[in-house]
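Shown next, in structure tokens, is the structure this report addresses.
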Amino acid sequence: MKLADNKATLSFSNGSPSVDLPVYQGNVGPDVIDIRKLYAQTGMFTYDPGFLSTASCQSAITYIDGDKGELLYRGYPIEQLATQCDFMETCHLLLYGNLPDAAAKIDFTKRVTNHTMVNEQMQFFLRGFRRDAHPMAIMTGLVGALSAFYHDSTDINNPEHREISAIRLIAKMPTLVAMAYKYSAGQPYMYPKNKLSYAGNFLHMMFANPCEDYEVNPVIERALDRIFVLHADHEQNASTSTVRLCGSSGTNPFAAIAAGVACLWGPAHGGANEACLNMLEDIQRMGGVSKVGQFMDQVKDKNSNVKLMGFGHRVYKNYDPRAKLMQETCKEVLTSLGLENDPLFKLAMALEKIALEDDYFVQRKLYPNVDFYSGIVQRAIGIPVSLFTAIFALARTVGWIAQLNEMIGDPEYKIGRPRQLFTGSVRRDVLPIAQR
Ligand code: ACO
28 MKLADNKATL SFSNGSPSVD LPVYQGNVGP DVIDIRKLYA QTGMFTYDPG
78 FLSTASCQSA ITYIDGDKGE LLYRGYPIEQ LATQCDFMET CHLLLYGNLP
128 DAAAKIDFTK RVTNHTMVNE QMQFFLRGFR RDAHPMAIMT GLVGALSAFY
178 HDSTDINNPE HREISAIRLI AKMPTLVAMA YKYSAGQPYM YPKNKLSYAG
228 NFLHMMFANP CEDYEVNPVI ERALDRIFVL HADHEQNAST STVRLCGSSG
278 TNPFAAIAAG VACLWGPAHG GANEACLNML EDIQRMGGVS KVGQFMDQVK
328 DKNSNVKLMG FGHRVYKNYD PRAKLMQETC KEVLTSLGLE NDPLFKLAMA
378 LEKIALEDDY FVQRKLYPNV DFYSGIVQRA IGIPVSLFTA IFALARTVGW
428 IAQLNEMIGD PEYKIGRPRQ LFTGSVRRDV LPIAQR
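In this note's numbering, each number is its position in the sequence shown, counted from 1, plus 27.
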């Protein structure tokens, strides 16, 4: 961390002595005020629910400029990565800090594909779930359960353990997601095929069956790969911060990633793609494009609790660059599958147009986020809506691991332990039960 030339001075209106606080500069983005000694110096905490103004760590992985609508992985713009690199290259970049050359890419891909199978016991574990269990409930269980299978890679403080668990997690997530799907469909699990690409193998495990040949459609393979690249990391979002907080106790990497999966499930985060598609289907049932105006009135009515899912973002206040790339992919997939006139896509475009022109959304700087279009793509591919967030988890796993590894390697890392402003009862005595 680089000290800035200036420092911050905190003064108090009650005459308490003022306090000087160091200011640090990042390579780009806002400076930070170092408040680590604030409590020791003043006996006060800071108050910042939802971390609206708090940098919880220093990080060199992903940078977002929410006002410009810019997303960089290790300095590379997401637009270039999505159009010039595949997911394996992106994983290498996030994990090791550099894009692989051809030989390094082959080596990395080989290491991942060597680990695509899961222990055979895993399927018996899966059998304990109801067939209608939500895939994210299954994934939370299965990812956590990996720590019971790979005892040789559970020491988070051992770099070799972290490396092998990283490769295992990236390799096994597609297998687990596909198993969760096959289980819900009552179909046999398909073993991974290592000669296929990462996305191609996932499609194979999802849609092949033992009775017939399955050919991977290259347009769909590319679309899925792009979904993976776009979702691979997003700096200190809720699930990543969860992984860091969970991992900060020294728990094993599989347990920390399972915590991330659980957090991602929520509709305000990764669950938004599922919620967005459900919303589009609801409007379609109500009457489609002709009912958009009525739906928008509900969204704008503060008493209705209805949100335009797939819109708005804590950080992006201009546009989400991933949404633009996803919209492109959406058009490509629908055209290739002959679904250009898909009513949900038309509805999504109509909603987007109206929202972008509406004062309510303009004033609040609400733009489509990546989930607005990713659901339509996945649905066109044949992925059931309830599996969308599990696919997001699959893609985000590499980001979670990169962030977890970065935290463990940071000499300034400490167990995460936020403080509070206590508003409950002050000390009181327990009365005998008859007098309460
Ligand atoms: N529809 C309608 N109004 C909205 C929406 C929306 N999607 N999003 C925000 N607003 C309104 C809020 O009601 C609030 O209005 P107010 O100032 O009149 O009270 C204002 O915009 C600011 O919103 P906040 O909730 O304060 O913004 P915050 O940064 O906390 O929330 C969030 C961001 C959670 C993503 C929110 O926009 C949302 O719930 N969106 C829908 C869910 C969604 O798509 N989530 C995916 C996020 S991307 C991802 O995880 C990959």
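Cβ coordinates follow ideal geometry from the N, Cα and C atoms, glycine included.
| query | result |
| --- | --- |
| Under 8 Å between C-beta atoms of M336 and C290 | no |
| Under the three-state DSSP convention, the category A35 falls into | strand |
| Secondary structure of K441, DSSP reduced to three states | coil |
| Where R154 falls, given that 16 or more other Cβ within 10 Å makes a residue buried | exposed |
| Within 8 Å, strictly: CB atoms of P76 and D61 | no |
| Within 8 Å, strictly: CB atoms of T202 and M166 | no |
| Cα-Cα separation, G426 to G365 | 34 Å |
| A295: CB within 7 Å of a non-hydrogen atom of the ligand ACO | yes |
| Best match in D182, S83 and M28 for proximity to A265 [C-alpha to C-alpha] | S83 |
| Buried or exposed (CB count within 10 angstroms, at least 16 for buried), M313 | exposed |
| Host alpha helix (DSSP H) of I418 (start-end) | F415 to G436 |
| Boundaries of the alpha helix (DSSP H) in which I403 is found, first to last residue | D398 to I408 |
| Start and end residues, alpha helix (DSSP H) containing D252 | P245 to H258 |
| Helix, strand or coil at V59 [DSSP, three-state] | strand |
| Contacts around G298, its chain only, beta-carbon distance under 8 Å, and the 5 residues preceding and following it disregarded | M163, L291, W292 and T416 |
| Counted within 10 angstroms of its Cβ, other Cβ atoms place F322 as buried (16 or more) or exposed | buried |
| Y100 vs D260 beta-carbon contact at 8 Å | yes |
| Cβ contact check for the segment 443 to 462 and the segment 101 to 111: 3 or more pairs under 8 Å | no |
| Bounding residues of the beta strand (DSSP E) (the contiguous stretch that carries I91) | T89 to D92 |
| Inter-residue spacing [alpha-carbon to alpha-carbon] between S452 and L458 | 15 Å |
| Contact test: K199 Cβ vs the ligand ACO heavy atom, cutoff 7 Å | no |
| Exposed unless 16 or more other CB atoms sit within 10 angstroms - verdict on H258 | buried |
| Three-state secondary structure assigned by DSSP to P395 | strand |
| Cβ-based burial, M149 [other Cβ within 10 Å; buried from 16] | buried |
| Where E359 sits in the DSSP three-state scheme | helix |
| Classification of M115 by the beta-carbon crowding that lies within 10 angstroms, buried from 16 upward | buried |
| Bridge partners - S50, DSSP secondary structure assignment | Rather than Ser, the amino acid found at residue 50 in this sequence is Val. DSSP, once it has assigned bridges, lists I60 as partnering V50. |
| From V342, H119, N368 and V412, residue whose alpha carbon lies closest to that of N396 | V342 |
| Beta-bridge partners of P104, as assigned by DSSP | L99 |
| Limits of the alpha helix (DSSP H) - the one that F14 falls within | The shown model of the chain, from 28 to 463, leaves out residue 14, and the question about it has no answer. |
| Closest residue to T424 among I410, Q214, S275 and A193 (Cα-Cα distance) | A193 |
| Simplified DSSP assignment, three categories, for L126 | coil |
| K334 Cβ short of 7 Å to the ligand ACO heavy atom set | yes |
| Distance, F152 Cα to D240 Cα | 29 Å |
| Cβ neighbours of L414 in the same chain (closer than 6 Å, five flanking residues each side left out) | P162 and Y208 |
| Own chain partners of A285 with C-beta closer than 7 Å, once the 5 adjacent residues on each side are dropped | T167, V170 and G171 |
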